[in-house]
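Student: Sharing a structure, written as structure tokens. Questions coming.
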Amino acid sequence: MAFFKTIREDIKAVFDRDPAAKSMAEVLLCYPGLHAILFHRFAHWLWKKKLYLLGRFVSHIGRFLTGIEIHPGAKIGKRFFIDHGMGVVIGETAEVGDDVTLYHGVTLGGVSLNKGKRHPTVGNNVIIGAGAKILGPFTVGKNSKVGSNSVVVK
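Heads up: the sequence shown at position 40 corresponds to 40 in full-length UniProt numbering, and the numbers run straight through without jumps.
And the structure:
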């Protein structure tokens with residue numbers, strides 16, 4: 001049941017944070033950022049069950065349909081909102097806290113080929129502006145705002 005509660009919170013977060021959202025039906029049908037996180041929640045569930053190929057396949061379908069790539073191994077918190085999400089990329093070892101908002105073109109990427117932690121950790125209540133690239137295994141602290149087109153490497 002926690003799975004569906006988290007999804008309901010994601011849907012409500014979109015409606016609450018986007019002043020252009022007119023109805024819940026519009027949010028459910030017309031927000032690719034929401035569709036991407038729904039695909040991710042299912043792909044991540046499969047990943048945790050060690051169904052890696054199936055998780056990657058679900059993730060791939062989500063990317064094809066939304067233009068948003070979230071690796072199924074990435075850990076995403078509650079009430080996650082991707083606004084205008086085309087081109088968002090979230091890597092395998094990325095961790096994203098609760099109440100985070102990302103805009104289009106954001107990358108949470110790695111800077112090495114190591115198998116271990118190589119993507120950023122984003123704290124709770126963070127806003128990451130359009131085009132920002134956050135690269136490497138470090139933490140963006142809670143309540144931070146990362147400006148549009150920033151490149152953050154430590």
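All C-beta atoms in this analysis are idealised placements derived from N, C-alpha and C, irrespective of residue type, glycine included.
Taking 6 Å as the limit between beta carbons, can you name the residues of its chain near N149, skipping five residues before and five after?
Tutor: G131
Student: By the three-class DSSP mapping on this structure, what secondary structure does E9 have?
Tutor: helix
Student: Within 10 Å of its beta-carbon, does Y52 have 16 or more other beta-carbons around it, so buried, or fewer, so exposed?
Tutor: Exposed.
Student: Leaving out five residues on either side along the sequence, give the residues of the same chain with a beta carbon under 7 Å from the beta carbon of D83.
Tutor: D18, G33, T101, Y103
Student: Please classify Y103: does DSSP put it in a helix, a strand, or coil?
Tutor: Three-state result, Y103: strand.
Student: Between which two residues does the alpha helix (DSSP H) harbouring I61 extend?
Tutor: 52-66
Student: For K78, which option in L38, G141, V146 has the closest C-alpha, if you only look at C-alpha atoms?
Tutor: Ranking L38, G141, V146 by Cα distance to K78 puts L38 first.
Student: Excluding the 5 residues preceding and the 5 following F81 in the sequence, name in chain order all residues of the same chain whose CB lies nearer than 6 Å to its CB.
Tutor: A13, V14, R17, T101
Student: Check whether the stretch 54-63 and the stretch 102-117 touch, using three or more Cβ-Cβ pairs below 8 Å as the test.
Tutor: no
Student: Looking at R63: is its Cβ nearer than 8 Å to the Cβ of F3?
Tutor: No; because the gap between Cβ atoms is not below 8 Å, this pair is not in contact.
Student: Tell me whether the beta-carbon of I134 lies closer than 8 Å to the beta-carbon of K145.
Tutor: no
Student: Would you mind working out which of D99, A94, K154, N124 sits nearest R118, comparing C-alpha positions?
Tutor: A94
Student: Return the Cβ separation of G73 and W47 in integer angstroms, given the expectation that the two are a contact with Cβ distance under 8 Å.
Tutor: 6 Å
Student: Just to check my reading of the structure: G87 and G67 have Cβ atoms closer than 8 Å, yes? What is that Cβ distance to the nearest angstrom?
Tutor: 6 Å
Student: Label V153 either buried or exposed according to how many other C-beta atoms from any shown protein chain fall within 10 Å of its C-beta, with 16 as the threshold for buried.
Tutor: exposed
Student: For a test of the three-state rule: what should DSSP assign to L38, helix, strand or coil?
Tutor: helix
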